[in-house]
Every structure is written in structure tokens, then in C-alpha cells.
Amino acid sequence: MIIAVDGPAASGKGTIARALARHYELPHLDTGLLYRAVGLSVLEAGGDPASPEQALEAARHLSSAFDDPGLKSEAAGKAASLVSVHPEVRAALLDRQRHFAGRPGGAVLDGRDIGTVIAPHADAKLFVTASAEVRAARRHGELVRMGLDVSPDAVMHDIRSRDERDSSRSAAPLRMAEDAVLLDTSDLSIDAAIDAALTLIQTHGRNAAND
Ligand code: C5P
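The opening residue of the sequence shown carries number 551 in the numbering used here; numbering runs sequentially from there.
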């Protein structure tokens, strides 16, 4: 079974995707990490993530080590959203993601374009969202727990500009697939959001085990 989980930053899609992967015993790919790794690699080389040539070069030489804590930083997130605008970068990362989705037995992938581009034939598609205020508050809490001194306003500004860039780009913009089901986590705890995701998959997914 292939499960596609898409949605904007800090919507809870990563947490939900990991929980679904555990539940169905499937491998999980956080595709945001690929774009973050490309963005970070351009930054570390002193380059400009807005340059298509530099971003493509980084995408072509992407290492497979995705456990660098720097990938979770706001700088890497912003650089990811800048490199992900370039169609050539998206094309360079396509095979790796499609290959993962095609694993025997299936997989869970989360990102922005899984249900629309990477795995349009996924058995279950969730579009996870939450209000910008709730997402900014969650992200701010995460950053404070990481020991970073950032203002709630700066985080809100970052979330809004990332939403705007991800939704308005011409290459694979963030949008809900027509056959996806919407899960709004604004008023849900983590456990309630995971339960809701499982129920939606059991109700709407193809080939979903009813357990
Ligand atoms: O999900 P995460 O916040 O880690 O993603 C970082 C950025 O990578 C997003 O803001 C988006 O611009 C880009 N991305 C994308 N397509 C994906 C996953 C992430 O364009 N499938």
C-alpha cells in the first residue's frame, strides 16, 4: 500500500506519516529532507539557493546522509523552499522518490506533491493542514525547545512566506490532489490527529488493512 501525505509546513504531516508507517509497518520517506539537503548544501558552499544552476549541481551530488541536525533548521527550511522552485531540481529528485514509492509492499511518503506528482496512483492520499496561527505556534514551540531565541512574529512571517512560495510556484505547487482527503489538525492533539488519519485511510483508502 502506498500512502501519500501532503500539506504545508508544521501541519503535522510528518508526525502523522511516521505514525502511519509504524502502524502499517511500511518504510517512510520525508521528502522535505531531500530539498532541505539540497538547500543546505548550497548554503554550506557559500552559494545562492535561488540560482537554478547551483541548486541543480547540489541536487545531482546529493549525499544519502539525512541525519544532519542542521537539516531541521529554519535556514535549511527556507533554502529548501527556494531550491524547490526550480523544475530541474524537482526533476533531479524525482526518480529517487518514485523508486521509494515503488518498494515492494509499499511505502509512506510525505511532502508537498506526493499525491499529485510523485505517487498519483497512491492507495491513500491525505492532505494535512492547520491554520497558519496554529502552525506558527507549533513551529515556535519546537524552535524554543531546541534552545533557539526566535520571536513568534518572525516564525509567523516565515510560515506565511513559505506557504506563499510553495503554493504559487509553477512546478508542482502545493495543492490538494482531487482524490485526497482533507485532515485539519488545528484543534487536534497529536494522538487525535493520528487516530483521525487512520480512520480516514480505513474509510477512503484502497487496500487498507482494517486494523
Ligand atoms: O516539509 P519541509 O518543511 O521539510 O519541506 C521544506 C521545503 O521543501 C518546503 O517548504 C517545500 O518548499 C519543499 N518541498 C517540496 N516538495 C516536497 C517536499 C518539500 O517542494 N515534496
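C-beta atoms are modelled at their ideal positions from N, C-alpha and C, and glycine is treated no differently.
For this session: Report the residue from VAL684, THR666 and LEU606 whose alpha carbon sits nearest the alpha carbon of SER739.
Result: VAL684
For this session: Taking only runs that begin and end inside the stretch 621-666, name each unbroken alpha helix (DSSP H) of 4 or more residues, in chain order.
Result: 624-633 and 637-651
Problem set entry | Contiguous beta strand (DSSP E) assignments of at least 3 residues, all confined to the stretch 669-730 | 674-679
Exercise. For the candidate residues LEU593, ASP618, ALA657 and ARG710, whose alpha-carbon lies nearest to that of GLU575?
Worked result: ALA657
Exercise. Roughly how many angstroms separate the alpha carbons of LEU539 and ILE553, rounded to a whole number?
Worked result: It is not possible to answer for residue 539, since the shown part of the chain is limited to 551 through 761.
Problem set entry | Beta carbon of THR666 nearer than 9 Å to that of LEU733 | no
Exercise. What's the gap between the Cα of GLY755 and the Cα of LEU583?
Worked result: 26 Å
Exercise. Is SER718 near ligand 1, in the sense that its beta carbon is under 8 Å from a heavy atom of that ligand?
Worked result: no
Problem set entry | Euclidean distance between Cα positions of ASP713 and SER623 | 17 Å
Problem set entry | Opening and closing residue of the beta strand (DSSP E) in which HIS578 lies | 578-580
For this session: Give a yes or no on whether the C-beta atoms belonging to HIS578 and ARG586 are separated by under 9 Å.
Result: no
For this session: Can you list the residues near ligand 1, meaning Cβ strictly closer than 6 Å to any non-hydrogen atom, in the order they appear in the chain?
Result: ALA559, THR581, GLY582, TYR585, ARG586, GLY627, ALA630, SER631, SER634, GLY661, ARG662, ASP663, ARG712 and ASP716
For this session: Kindly give me the distance between the Cβ atoms of ARG715 and SER631, rounded to whole angstroms, as I take these residues to be in contact under 8 Å.
Result: 5 Å
Exercise. GLY655 to ALA674, Cα distance in whole Å?
Worked result: 14 Å
For this session: Give me the Cα-Cα distance between VAL635 and HIS707, rounded to the nearest whole angstrom.
Result: 19 Å
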